[in-house]
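The structure appears below as structure tokens.
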Ligand SMILES: Nc1ncnc2c1ncn2[C@@H]1O[C@H](COP(=O)(O)OP(=O)(O)OP(=O)(O)O)[C@@H](O)[C@H]1O
Ligand SMILES: [Mg+2]
């Protein structure tokens, strides 16, 4: 399975530059997830890799071999399309086996593979139907099956689970995770869903407006996002951003804003000591709050709504003029409509530059 | 109750004028023709003076060797031109279904022959087929080959009218297939490319099957038209030499004007009409089958949800 590298690859449609030149390397056998908001160029990147879109600049290499002139069929890949792209005139079984039939795989082997994958995807009873006779989620699973029966070196998935219900999606995610661990293939996976990104990715590439914002392991992105965009995109519920400024008082560094004043961890305070008076954006994950006031720095929040999610609740609160989400254990119920004290785990505080959005 | 009835009738009342016009304009001539086919009718007589002979015209025709020959020429002509035109038209569409600069101009050029009046097409080709000054024989002569008796030999004459018809009507198939091709789901084609299909395999396994409904209707339309072709052949060969290119519509017009047998001409037209009705009915059945299938699919999809 090749190591895939994008070298200054760019894409424009006419005069519209969709993807400015970028570099990206996908290691051999890695499960790479591309995430980003709608329209940021994830599908375009995938389709260029597949050979369905021409490059406007740069080159893609499989190991050291340039491939931009190769037809899709010569790139040894299987793909799940965002819009399924099933063959309308073929039955589901025929859809799934098309590539194998073209490759002259033996009948018995085809049957065996189709059966196995269909069972995994819960579509065995549908094999004789035509795509028009299926629901959206069923079609999506067929699209997935069509890729999974193949023995390609690289698998490309373009939002393959977007139309499934929560339970099925969980099951599919587990199947994919198992595949990732058991077979040694390159997988490139596009999704909106950051849970999928976090659970599946060996490496996550966060994109926005055609630019790669950051790439790294799920943990790196969660713990050390480079800017507010990545910090806000990774993690659920999303990170709270509150305006504030740095101040030096009583020998420590603080971040102060409308309705709060939190001490910085010693290491961060030393690093940022020289930046006093600087306007910053404070990033606080909803999970960084605790009810135990002894372990965190105190903050007073006005609880507006409490959203019960089972074991956890998410509180929608206000800190000055800013909305702040707080994750708590449902065991300690909190009434809406009153001021409440929380502790902030100051080691999890993140500070971002107010104007550039970069993490300090 | 009363108003419900009126409401139900309203659409028919709005349709009534159109239906009446259609009935008069369409059914009256057909009825007239059917009636005439039972008469021994000379153009110098008024229709009331003609003698009623029952089915004699029809029976006579069945025993008439030149009518049977004519019928056979018509069938052969229609089958050959439609087959050739389908192959060429679909082939061209597959070839030109791409975005290259100048392609739209080329496409426009391709459909020009269809827009020329058939009489003009006939005259044009007759000139080109001319044994001594025609472009074909001139070229052959220039290259050192024997001239070809385009219109004076039976087999060549048949080939010549076929060529002219193919020239004029291939564009019709071409534009319809091109439209069908361009409305095919792009993504299915992309999936086929990923699945490893070569250009030919994409055509055979994806494009042609998906175009098939349009192709069948196109072929039927062309077939119906080919049975009625008249002007080009009239101008090119006038049915000759012998009966080699005397298609039915030509024979009908000659029976009426030269042999002055209006009744027999009408009977002949009815035979042609029956043939066309069978074809049209076939097309209708095909459409019905397609609709029934679509309805079944919708039902199945609904049961699902
Ligand atoms: N054929 C095209 N012509 C012009 N612009 C295009 C074309 N295809 C895509 N774009 C533009 O390129 C950008 C990236 O599109 P792309 O499909 O890669 O987005 P995406 O990240 O996959 O979004 P989504 O998550 O909604 O699928 C979009 O702004 C889109 O409008
Ligand atoms: Mg997309």
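Chains as they are written, first to last, in the working numbering: chain L, 6 to 365; chain R, 80 to 384. C-beta: ideal position from N, C-alpha, C; glycine also.
In the three-state reduction of the DSSP assignment, residue 250 of chain L falls in the strand class. The region 334 to 344 of chain R and the region 130 to 150 of chain R touch, with no fewer than 3 CB-CB distances between them shorter than 8 angstroms. Under the 8 angstroms criterion on CB atoms, residue 275 of chain R is classed as interfacial with respect to chain L. A Cβ of chain R is located within less than 8 angstroms of the beta carbon of residue 138 of chain L. Comparing alpha-carbon positions, the option among L:201, L:282 and L:325 lying closest to residue 260 of chain L turns out to be L:282.
Using a cutoff of 7 angstroms, the CB of residue 48 of chain L counts as near ligand 2, since one of the ligand's heavy atoms is closer than that.
Cβ neighbours of residue 189 of chain L within its own chain (closer than 7 angstroms, five residues either side excluded): 6 and 34. In this structure, ligand 2 has no non-hydrogen atom nearer than 7 angstroms to the beta-carbon of residue 85 of chain L. For residue 169 of chain R, the enclosing alpha helix (DSSP H) begins and ends at 144 to 175.
Listed along chain R, the residues sitting closer than 7 angstroms to residue 77 of chain L by beta-carbon distance are 272 and 273. Sorting L:141, L:114 and L:84 by C-alpha distance to the C-alpha of residue 150 of chain L places L:84 at the top. Residue environment analysis places residue 147 of chain R among the exposed positions, since fewer than 16 neighbouring C-beta atoms fall within 10 angstroms of its C-beta. Against chain L, the CB of residue 267 of chain R has a partner CB under 8 angstroms away; the residue lies at that interface.
Spatial neighbours of residue 87 of chain L in its own chain (CB-CB distance under 7 angstroms, excluding positions within 5 residues in sequence) are listed in chain order as 48, 163 and 164. Taking the CA atoms as reference points, residue 221 of chain L sits about 5 angstroms from residue 208 of chain L. Using a Cβ-Cβ cut-off of 8 angstroms, residue 126 of chain R does not count as an interface residue toward chain L, since no Cβ of chain L sits closer than that to its own. Among the residues facing chain L, residue 376 of chain R is included, as its CB has a counterpart in that chain under 8 angstroms away.
Separation of residue 32 of chain L and residue 67 of chain L (C-alpha to C-alpha, rounded to the nearest whole angstrom) is 10 angstroms. Considering only beta carbons, the part of the region 102 to 115 of chain L lying closer than 7 angstroms to chain R consists of 103, 104, 107 and 108, in chain order. DSSP lists L:357 as the bridge partner or partners of residue 364 of chain L. Only 134, 135, 137, 138, 139, 140, 143 and 148 from the region 123 to 150 of chain L bring a Cβ to less than 9 angstroms from some Cβ of chain R. Assigned with DSSP and collapsed to three states, residue 241 of chain R falls in helix. What residue 289 of chain R touches in chain L, judged by beta-carbon distance under 9 angstroms, is 92, 93 and 94, going in chain order. Proximity of the beta carbon of residue 352 of chain L to ligand 2 is not indicated: no heavy atom of the ligand is located closer than 7 angstroms.
Short note on residue 210 of chain L: C-beta not closer than 7 angstroms to any heavy atom of ligand 2. Taken from the Cβ of residue 166 of chain R, every heavy atom of ligand 1 lies 7 angstroms or farther away. Annotated three-state conformation of residue 139 of chain R is helix, per DSSP. Between the region 275 to 292 of chain R and the region 197 to 209 of chain R, the count of C-beta pairs closer than 8 angstroms stays below three; the two stretches do not touch. At a cut-off of 8 angstroms, the C-beta of residue 228 of chain R has no neighbouring C-beta in chain L.
Judged by DSSP in its simplified three-state form, residue 110 of chain R adopts helix. Excluding its 5 nearest sequence neighbours in each direction, residue 255 of chain R has C-beta neighbours in its own chain below 7 angstroms: 293 and 297, listed in chain order. The C-beta distance from residue 319 of chain L to residue 291 of chain L rounds to 7 angstroms, short enough to meet the 8 angstroms contact threshold.
For residue 86 of chain L, the nearest beta carbon of chain R is closer than 8 angstroms to its own beta carbon. If you compare the alpha carbons of R:160, R:90, R:145 and R:195 with that of residue 306 of chain R, the shortest gap goes to R:160. Interface residue (Cβ-Cβ distance to chain L less than 8 angstroms): residue 217 of chain R is not classified as such. For the region 48 to 65 of chain L, the set of positions with a beta-carbon nearer than 9 angstroms to some beta-carbon of chain R reads 52, 55, 56 and 57 in chain order.
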